[in-house]
Every structure is written in C-alpha cells, then in structure tokens.
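Just so we're aligned, residue 1249 is where the sequence shown starts under the numbering used here, counting upward by one. We put the CB at the ideal spot given by N, CA and C, even for glycine. Reviewing the structure listed below.
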Amino acid sequence: YNHADWYVEKVLSYAKRFSAGAGEAVAVSVSGCGASTAPNEAVARMVAEAERLSLLRPHTEYIYGGSHSSTPTPPNGPFDCSSAVSHLLQVGGFGNPTMDTIGLAGWGEPGPGRWVSIYDKPYGGDAHTFIEFMPGVTSASKRYWGTSGQWFAGHGPGFIPERIFSAEYLGGFLLRHAPGL
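Now the structure itself:
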C-alpha cells in the first residue's frame, strides 16, 4: 500500500458505479445486429459500440497510430489495435486516455475480467491488443473484438470469431481488465 488515497477513492468509485444494478442484465440492440445481454451499463455501452464499429469494418482501414493524439478517440477513428481498445474502454466510461500497447499493459487490473478481458502483447514486432467478451455477454462468433491480421486484415476494428485464435496464440498475451469488469 503506497498511501495513494486518490487512487483508492477512484477504484472505490468505479466499484460503486459498476456494482449498481449488478444483478440486472441490460439488453443492448443495435439496428440490424440483434441483441446482446450485458451484465451492467458499462458492458452494454461497450458491446453496442463494438457492434456499431463492426458494421463499419468493411469500409475502414487499419491505421497504425490512428487517433493516438486524441483523448477521447473520434467516434469513427481512424484506429489501430490499441486506439480501438482504448476507444471501447472510453465508451464504457472508464475515463482512460488513448493508450498504446505499453500503456494498456499497466492500465486497469491484472488478470482476466469477469465480463470483459483485454489481451495485450506490449513489446516487439508482434505487439498487439484486443478485447474478449466473455461467454454470455456475446456469442462465440463475436467473442473477440479489435483489429486482426488474421480476420479482415488491413481493416478497422470489428468482431473476431472465437475459432480464429488458437490457445497457443492467446497464451502469448498479458490479460488485464477494467476495474469492476
């Protein structure tokens, strides 16, 4: 404990904000996308935004460094992997800056989340990040979200089916999650 009372207050405020109505599922529907069931309002906003940006994917490009000079990120990007992840967290209401993979490696809490996890590989030529929505939040065809060289390579962010990433591939990432998720 480093006696950072401001940090304790911030974490407690997140816990209070996201525990309100924790037992109530929030239905989210985006025109033409069907419905998802989210455990709270933050996750509902993230899923709705992931749905919206996934519809734009065929018409958008992956742009390295896209939107890193903007906090919050512009609603339609441009995005690279880390600005896309930062964007969904911002939409969820976490007040985070737009981060690169190194920043994401130290943001939030370590380990997988209850409803949403951040996969992050901060260093090297294969540095990358994306989000996982846990089973029950989205379907297996919408398990992961972000940019990918393995699915719609060269395009902006969108859903990535569970079958695309092997356990070996996923094992090379750090797992983080937003406070309360």
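For Ser-1334, the uninterrupted alpha helix (DSSP H) run begins and ends at 1329 to 1339, by DSSP.
By the criterion of a C-beta distance shorter than 7 angstroms, Thr-1319 is surrounded in its chain by Pro-1345, Thr-1346, once the five residues flanking it on both sides are discounted.
Every beta strand (DSSP E) stretch that sits fully inside the stretch 1295 to 1382 and reaches 3 residues is listed by chain position as 1364 to 1369, 1376 to 1381.
A direct Cα-to-Cα measurement between Ser-1365 and Leu-1429 gives close to 8 angstroms. Counting along the chain, the unbroken alpha helix (DSSP H) around Leu-1418 starts and ends at 1415 to 1418. Taking each of Ala-1290, Arg-1391, Leu-1301, Tyr-1392 in turn and checking the Cα distance to Gly-1343, the smallest one comes out for Ala-1290.
When beta bridges are read from the DSSP output, Ile-1408 appears opposite Tyr-1392.
Rounded to whole angstroms, the separation of the alpha carbons of Gly-1372 and Phe-1421 is 12 angstroms. When Cβ pairs closer than 8 angstroms are counted between the two stretches, the stretch 1313 to 1330 is seen to touch the stretch 1392 to 1408, the count reaching three or more.
Beta-bridge partners assigned by DSSP to Arg-1424: Pro-1358, Ile-1366.
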